[in-house]
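Quick note on the working numbering: the sequence shown kicks off at 11 and runs consecutively.
Backbone N, C-alpha and C fix where the C-beta goes; we use that ideal spot for every residue, glycine too.
Report on the structure given below.
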Amino acid sequence: MMKAKSVLAIFLVFSLVIPAAVSAKELISYLPRLMNEHQLVRAAEALRNEARYREDSAKGGWYPSLDLRADGGREWVERVDQTESDELSNYETVRLTQLVTDFGATSSQVKMAGAMLSRSREELKTTQQTVLLQGITAYIEIFKAREKLRYALESEENISRQTGMEEVLVERGAGLSSDILQTKSQLARAQALRVSIEGELALAKNRFRAVYGFVPTDQEIKEFRLPAEPAQVQPVTLESALSRAFENNPTIFAAQHNSAIVEQEIGVRKAQYFPRLNLYVEGIRREDDLGVEGTRLDSFVGAELTYNLFRGGADSSAVKAATEKHAAAQGTLEDTRMLVEENVRNAWQNLMTSREKYRYLKNQAVIVEKFLELARKERKLGSRSLLDVLTGEVEYINAQSQAVAAEVEIVLASFQLYYAMGDLVMDLVKTQ
């Protein structure tokens, strides 16, 4: 009984561990660490935090300011009556100041800082989606190169085996030397294709390293799986995709907040035309100051008005500069909307094209595979030339590679559509 329980326990452990080990090489297992540790994401988070602190700093203008000033030292005073004093003196001032009004300057600065914080949040979303798309693309490109290489190696092996068979036939006097040359020619072509695809895989690994910070092992690459197309919440029409993009794309929101920032800057600049009114409470302590022996305490409560009468036209120029800057921000916003629309339209078209192309290429691969099977049988019967078989072999590998690439393009195009709409999130990544 104890032995049976032990076996059952071991089985349960393996049933839990083995699937986890297999799924550990799926795309979704790589993404959380990427999104938490990628330097671009961390930089965007730091900029968001900076904007939050700047907003807090701007709000400080609404609150009282308490300042302390103290100085001391030896003082020499020569009076009108020719008497002199030589004393150690000190002077301390404590002043509490509260803003009453600056005609909107501080309020505009707070609103401007708030718009900066909102912009930094949208820029963080954009960065997160960009890094996520890079991670998805890097993983899928390795998968695509691996699959293409698998078909290339299979084709090269088949042609190499056919070459060996032809050489044996020639040695026995039952084959043609020209057939050997044909097989070697096709073998060289297959080898060149294999080398080219190995180069694609190497480039894909380099890109993976640049995105994730490491290169997966060959064993890990063997366990890569193509993620499912995220079609569960995909728009069914181009118009709905465009509508979602205009409602959700963080790039548009960032441009809108940028325009709001400059609009508040205009308010800050215009406030320089008006005075600033403060209330203050001040206490002063003097000891042996100005030749007067003893300690003196003074207190003041009052209002303070500061108003610049002339600054050489600087305020007017600052308002004009901010106004032009706002016009530029509005132009950038409109251009951003147009670029987002273009990206959505292109992503939609790429998705539609990829789906249609995959349907034809998959059908082509099936047809070529059937042809190759028949050609091999007919070759054994002597009714099909060796060149036909070799050509079919090359066409088969090309058709399979193109079909795999087309299937990958569908998945990538789907993720790119979500990115163009501003809706790309990790929850969309599922296993087939």
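With 16 other Cβ atoms within 10 Å as the buried cut-off, status of residue i
| i | result |
| --- | --- |
| T227 | exposed |
| L319 | exposed |
| I377 | exposed |
| V435 | exposed |
| E275 | buried |
| R129 | buried |
| D298 | buried |
| L391 | exposed |
| K330 | exposed |
| V444 | Residue coverage of the chain in this structure runs from 11 to 442, which leaves residue 444 outside it and unanswerable. |
| V225 | exposed |
| R219 | exposed |
| Y370 | exposed |
| Q229 | exposed |
| L98 | exposed |
| M362 | exposed |
| S165 | buried |
| Y406 | buried |
| N216 | exposed |
| S364 | buried |
| D112 | buried |
| E239 | buried |
| G145 | buried |
| E403 | buried |
| E88 | exposed |
| E383 | exposed |
| R131 | buried |
| R321 | exposed |
Those residues which DSSP pairs with residue i across a bridge
| i | result |
| --- | --- |
| A423 | A423 pairs with nothing; no bridge assigned. |
| P237 | T441 |
| F320 | None; F320 has no bridge partner. |
| N100 | G82 and E297 |
| R286 | T316 |
| S95 | V87 |
| R105 | D77 and E292 |
| T111 | L287 |
Endpoints, alpha helix (DSSP H) assigned at residue i
| i | result |
| --- | --- |
| E230 | D228 to K232 |
| E36 | First-last for E36: undefined, no H or E at that position. |
| F263 | P260 to K280 |
| Q49 | Q49 to K69 |
Residue interval of the beta strand (DSSP E) (run including residue i)
| i | result |
| --- | --- |
| A80 | S75 to E88 |
The ligand MN heavy atom lying under 8 Å from the CB of residue i
| i | result |
| --- | --- |
| T316 | The ligand MN is not among the ligands present in this structure, which contains no ligands whatsoever. |
Fill in: Cβ pair count under 8 Å reaching 3, the segment 308-317 against the segment 282-295
yes
Practice prompt. Could you tell me whether the segment 69-88 touches the segment 262-279, where touching means 3 or more Cβ pairs closer than 8 Å?
Written response: no
Worksheet item: Does the segment 50-66 come close enough to the segment 263-279 that 3 or more CB-CB pairs lie under 8 Å?
Response: no
Worksheet entry | Contact the segment 35-47 vs the segment 131-149: 3+ CB pairs below 8 Å | yes
Discussion item. Could you check whether the segment 300-309 touches the segment 242-253, counting it as contact only if at least three pairs of C-beta atoms, one from each stretch, sit closer than 8 Å?
Written reply: No, they do not touch.
Practice prompt. Take every Cβ of the segment 133-148, pair it with every Cβ of the segment 425-442, and state whether three or more of those distances are shorter than 8 Å.
Written response: yes
Item to complete: Specify whether the segment 346-365 and the segment 413-431 touch according to this definition: at least 3 beta carbon pairs, one from each stretch, less than 8 Å apart.
Response: Yes, the segment 346-365 touches the segment 413-431.
Worksheet item: Just checking, does the segment 197-206 make contact with the segment 113-127 on the three C-beta pairs under 8 Å criterion?
Response: With the cut-off at 8 Å, the segment 197-206 and the segment 113-127 do not touch.
Item to complete: Ignoring anything shorter than 3 residues or poking outside the segment 288-367, list the beta strand (DSSP E) runs there in chain order.
Response: 305-316
Worksheet item: Counting Cβ pairs, one atom from each stretch, are 3 or more of them under 8 Å apart for the segment 336-353 and the segment 404-415?
Response: no
Practice prompt. Would you mind listing the alpha helix (DSSP H) stretches within the segment 135-178 that are 4+ residues and don't spill past its ends, in chain order?
Written response: none
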